[in-house]
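Going by the working numbering, the sequence shown opens with residue 3, and the numbers climb by one from there. Beta carbons are placed, not taken as given, at the ideal position from N, Cα and C, and that holds for glycine. As structure tokens, the structure follows; a few thoughts come after it.
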Amino acid sequence: MKKLTRHQMRENAFILVFERIFNDDPASELLETARENGEITITPEVEKMFLGVVSNQTAIDELIGANLKKWKMDRISKVSLAILRLGVYEIVYDDIDNDIVVSECVKLASEYAFEDDISFINGVLGNIVRARNASAGEN
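Shown next as structure tokens:
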């Protein structure tokens, strides 16, 4: 298995999270299909990110919804929703620097989403990071 950069792992996990929006098959089946077709590389890290989003999706969606200003969840594009879910998972459940997570999600948005979605994703994730920092007593 080839070595992937953290960005490539995140991108592959994003693709799986995006696919899951349209496909109610069990996560294990989506992973197996992805392995079989070879379009994306599934490393243990990619699998961990994807399964982390899937297993925490209700809490992740609640946090996203609580940080939307004048928006409803059903108005968010599917691409943006997948990026936000992955970003919130990493911010809340993974030990990754929040600034890096936000930056990487913005980079994914610039590659896959519409121009307006980039600032939207940056704003929602920024609100979540600021709220978590404030509740933790950080600046």
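Practice prompt. Evaluate Glu-92 with the Cβ neighbour count: other Cβ atoms within 10 Å of its Cβ, from every protein chain shown; 16 or more gives buried, anything less gives exposed.
Written response: Sequence index remark: in the sequence shown, residue 92 carries index 90 (1-based). Residue burial is scored here from C-beta neighbours: Glu-92 has at least 16 other C-beta atoms within 10 angstroms and is therefore classed as buried.
Worksheet item: Does the Cβ-Cβ distance between Cys-107 and Leu-83 come in under 7 Å?
Response: For the purposes of this step, residue 107 is taken as the residue at position 105 of the sequence shown. For the purposes of this step, residue 83 is taken as the residue at position 81 of the sequence shown. Contact flag unset, no.
Worksheet item: Roughly how many angstroms lie between the CA atoms of Glu-64 and Phe-20, to the nearest whole one?
Response: Within the sequence shown, residue 64 is the residue found at index 62, counting from 1. Within the sequence shown, residue 20 is the residue found at index 18, counting from 1. In a straight line, the C-alpha of Glu-64 is about 18 Å away from that of Phe-20.
Worksheet item: Looking at C-alpha atoms only, which residue of Phe-116, Ala-111, Lys-72 and Ala-68 is the closest neighbour of Arg-134?
Response: Here residue 134 refers to the residue found at position 132 when the sequence shown is read from its first residue. Out of Phe-116, Ala-111, Lys-72 and Ala-68, the CA that lies nearest to the CA of Arg-134 is found in Ala-68.
Worksheet entry | Opening and closing residue of the alpha helix (DSSP H) in which Phe-212 lies | Outside the shown range of the chain (3 to 141) lies residue 212, about which nothing can therefore be said.
Item to complete: Report, in whole angstroms, the separation of the C-beta atoms of Met-11 and Glu-47, which I expect to be a contact under 8 Å.
Response: Translated into positions along the sequence shown, residue 11 becomes position 9. Translated into positions along the sequence shown, residue 47 becomes position 45. That pair is a contact at about 5 Å.
Discussion item. So, does the stretch 110-126 touch the stretch 73-81, judging by three or more C-beta pairs under 8 Å?
Written reply: Short answer: they touch.
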